[in-house]
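According to the numbering used here, the sequence shown holds residues 928 to 1239 in order.
Every residue gets a Cβ at the ideal spot worked out from N, C-alpha and C, and that includes glycine.
All remarks here apply to the structure that follows.
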Amino acid sequence: MTPPPRAVVFAYHNVGARCLRVLLAHGVDVALVVTHRDNPAENIWFERVADLAGDYDLPVATPADPNSPEFIARVQALQPAFFFSFYYRLMLSPALLALATHGGYNMHGSLLPRYRGRVPVNWALIHGERETGATLHRMVEKPDAGEIVGRQAVPILPDDTAGEVFAKVTVAAELLLDRVLPELLAGTAPLLLPELGAGSYFGGRQAEDGRIDWRQPAAVVHNLIRAVAPPYPGAFFELGNRRIVISRSLARPRDARPHSAGPELYAEGNRLLARCADGGVLRILALELDGEAIAPAALPARLGQNPIPLLV
């Protein structure tokens, strides 16, 4: 009998856990799972790959630098046929990639070559995309630039949050890997060279990037709110020394209510509405005031004014 192909798997997050399960279901010999130590300052809302590997009695490594000579020597001794990277956060060097005799493959959370780089789901929502997905591609020195093995698309609905879309992308990654893995392991999978010039590349984001600019149109504000909604840090602004985080909104048609010259928040019954610079209106469904979750319509009373001007 032909022995199962041996792989070293670099994995983190929900995509890492689901795709590791797919490899095991297909009989791949996972010689080592390489993952990250959790950052105590980060909200760990996702499945821990290290725990999953422990359930299956798989060896685990958490190197600070997977490209160090010592770690490369450890991997070389395993004689892997494949590398798989599933939401692992560090780039693998050419010297490390060269150890996989049948190549290294990465699962990326967009439809490459669009949204190469960091946090692709968040960027897709910020730009108002109506579709994203997962792409399996060969790893090369340049990030997210190698030949494409396959893609799986998912829809983005107008009021989806990043967490909801990420859940769809996780399923897309599992479906895609399960579909293409037999041919990939057999060496018969077709590879498509991406046209990078037709794509896009974006860097990482920080919590401060969630600051709302109320001079922007309603569609832009709404896209930011849903792109950084929990479990991400949230979209925020300040009124004086009060910090307000908006974690959910709905776009709604313009209304005919008389309004001031600028953006404002105002309560109508049990609803809180935000009129933006272009006259577009959002309904605010969830927010925090100075870290306390409150009913959105209660905000004007808590701040002592209705409406609340947003450009002061």
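Note on Leu-1119: under 16 other CB atoms within 10 angstroms of its CB, so exposed under the neighbour-count rule. By the CB criterion at 8 Å, Leu-1052 and Ala-1146 fall outside the cutoff. C-alpha of Cys-946 to C-alpha of Asp-978: approximately 14 Å in a straight line. Taking each of Ile-1173, Glu-1219, Tyr-1193, Leu-1237 in turn and checking the Cα distance to Ala-1204, the smallest one comes out for Leu-1237. Annotated three-state conformation of Gln-1079 is strand, per DSSP. A straight-line Cα-Cα distance of about 6 Å links Tyr-1014 and His-940. Asn-1049 is the residue among Asp-982, Asn-1049, Asp-1086 whose C-alpha sits nearest the C-alpha of Gly-1130.
In the structure shown, the three-state DSSP call for Ile-971 is coil. Secondary structure at Val-935: strand, using DSSP grouped into helix, strand and coil.
The three-state reading of DSSP puts Gly-1124 in helix, counting H, G and I together.
Measuring C-alpha to C-alpha distances from Gly-1030 to each of Ala-1008, Ile-1139, Pro-1227 identifies Ala-1008 as the nearest. In the DSSP assignment, Val-1048 falls outside any beta strand (DSSP E) and within the unbroken alpha helix (DSSP H) covering 1047-1053. Under the Cβ criterion (8 Å, minimum of three pairs), the segment 1056-1071 counts as touching the segment 1018-1028. With a beta-carbon spacing of about 35 Å, Tyr-1128 and Gly-1218 fall beyond the 8 Å limit used to define contacts.
Every alpha helix (DSSP H) stretch that sits fully inside the segment 943-999 and reaches 4 residues is listed by chain position as 976-982.
Apart from sequence neighbours up to five positions away, the residues of its chain that approach Pro-1190 with a beta-carbon distance below 8 Å are Trp-1141, Arg-1142, Ala-1201, Arg-1202, Cys-1203, Ala-1204, Pro-1236, Leu-1237, Leu-1238, ordered along the chain.
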